[in-house]
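K.L.:
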Amino acid sequence: MQQLEALGPLFGIVLILAGVFLMIRGHERLQYIAAAVGAGVGYVGAPLVYELIPDGTIEELYIMIILMLVTAGILLMTVQLTIYLGASMGIYLGFSWGFRWLDARGYEFASNQFFTNVMAVIAFFSVLYIRKKLPIFVSALLGSLALLSGMLVLSGEPLSSLDPGNSSTIVIVLMLSTLSVSVQMRAIKRKWEAELPPEERGLSRKDRRKKMAAEDPRIYRAPSEHDLPDLR
0 MQQLEALGPL FGIVLILAGV FLMIRGHERL QYIAAAVGAG VGYVGAPLVY ELIPDGTIEE
60 LYIMIILMLV TAGILLMTVQ LTIYLGASMG IYLGFSWGFR WLDARGYEFA SNQFFTNVMA
120 VIAFFSVLYI RKKLPIFVSA LLGSLALLSG MLVLSGEPLS SLDPGNSSTI VIVLMLSTLS
180 VSVQMRAIKR KWEAELPPEE RGLSRKDRRK KMAAEDPRIY RAPSEHDLPD LR
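Sequence positions in the sequence shown follow numbering that gives the first Met the number 0 and run 0 to 231.
1) Identify which residue in 59, 39, 33, 46 has its Cα closest to the Cα of residue 145.
2) Taking residue 147 as part of the alpha helix (DSSP H), name the residues at either end of that continuous run.
3) Taking the alpha-carbon positions, what's the residue 147 to residue 35 distance?
4) For residue 170, which of 140, 51, 20, 149 has the nearest alpha-carbon?
5) DSSP state of residue 175, grouped into three classes?
6) If you drop the 5 nearest sequence neighbours on each side, which residues of the same chain put their C-beta closer than 6 Å to that of residue 143?
7) Residue 72 lies in the alpha helix (DSSP H); which residues open and close that run?
8) So, with DSSP's three-state summary, where would you put residue 194?
9) Taking C-beta to C-beta, are residue 67 and residue 42 nearer than 7 Å?
10) When DSSP labels each residue in this structure, what does residue 156 get in the three-state scheme?
11) Cα separation between residue 45 and residue 62?
12) Do residue 9 and residue 149 have their C-beta atoms within less than 7 Å of each other?
13) Decide if residue 72 is buried, meaning its Cβ has at least 16 other Cβ atoms within 10 Å, or exposed.
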């Protein structure tokens with residue numbers, strides 16, 4: 000991490016630009032999300048791999064770069080899997096940061112095995128629930144972390160100051176993520192409305208359904224006793 004920080008303002012600018020791009024356009028460029036998730040996995044795994052290599056063989060910075068490139072390339076080839084992995088990582092980081100924030104204030108919920116199992120179940124179903132919005136949430140979280148990290152580097156602060164136990168860190172990440180989700184949702188809505196026929200633009204979803212039902216009554220009808228059971 001110190002070697003990356005030694006790159007100075009250039010590294011901070013790269014992080015900020017990447018973060019802003021992910022926060023605004025991440026949902027449209029899934030391959031960039033995949034690359035970001037892969038780079039994050041390689042960054043986290045670099046210290047573990049470095050401990051397995053004899054001293055003096057290769058510098059940790061080179062191991063980190065190689066792992067980041069390899070994992071980014073692998074996840075680029077499996078974009079959909081990357082989105083699910085990114086969501087799982089985001090939820091894991093959210094719970095992990097929450098536990099560390101509570102521990103810093105004297106709460107010991109994380110040491111309770113039952114509570115930990117409950118959180119694991121909640122995390123699993125959270126991924127299933129938000130699966131349609133995964134690109135937005137994943138890009139918002141990764142973009143927020145990259146933007147905040149870049150600002151720390153430019154201000155001369157170490158990346159280690161990005162402490163989950165600090166309330167201000169959590170608040171800033173949540174604010175940036177919320178702003179990113181709002182911006183991306185509006186962009187998706189504008190793009191969807193632009194693809195509608197001119198006569199349907201400006202209509203609410205309810206009015207649009209009424210119009211479709213008036214044109215073809217078979218689209219929306221009441222359930223019938225002759226319908227086959229829905230086994231989904």
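C-beta atoms are modelled at their ideal positions from N, C-alpha and C, and glycine is treated no differently.
This structure is a prediction, so every number in the text was calculated from the model and none was measured.
P.N.:
Walking through what the data contain:
1) Within the sequence shown, residue 145 is the residue found at index 146, counting from 1. Closest by alpha carbon: 39.
2) For the purposes of this step, residue 147 is identified with residue 148 of the sequence shown, where counting begins at 1. It spans 133-153 - the alpha helix (DSSP H) in which residue 147 sits, taken as one unbroken run.
3) Here residue 147 is taken as the residue at index 148 of the sequence shown, counted from 1. Here residue 35 is taken as the residue at index 36 of the sequence shown, counted from 1. Each residue's alpha carbon lies about 15 Å from the other.
4) Indexing the sequence shown from 1 puts residue 170 at position 171. Ranking 140, 51, 20, 149 by Cα distance to residue 170 puts 140 first.
5) Here the question's residue 175 lines up with position 176 in the sequence shown. In this structure, residue 175 counts as helix in the three-state DSSP scheme.
6) Residue mapping note: residue 143 aligns to position 144 of the sequence shown, counting from 1. 172, 175, 176, listed in sequence order.
7) Your numbering for residue 72 matches position 73 in the sequence shown. Note, residue 72: alpha helix (DSSP H), 59-75.
8) Here residue 194 refers to the residue found at position 195 when the sequence shown is read from its first residue. Of the three classes helix, strand and coil, the one that applies to residue 194 here is coil, per DSSP.
9) Here residue 67 corresponds to residue number 68 of the sequence shown, with the count starting at 1. Here residue 42 corresponds to residue number 43 of the sequence shown, with the count starting at 1. Yes. Within cutoff.
10) The count along the sequence shown starts at 1 and reaches residue 156 at position 157. Residue state, collapsed to three classes: coil.
11) Counting from 1 along the sequence shown, the entry for residue 45 is found at position 46. Counting from 1 along the sequence shown, the entry for residue 62 is found at position 63. Those two C-alpha atoms are separated by around 6 Å.
12) Locating residue 9 in the sequence shown gives position 10, counting from the first residue. Locating residue 149 in the sequence shown gives position 150, counting from the first residue. Against a cut-off of 7 Å, the Cβ pair of residue 149 and residue 9 comes out as no contact.
13) Position 73 of the sequence shown holds residue 72. It counts as exposed.
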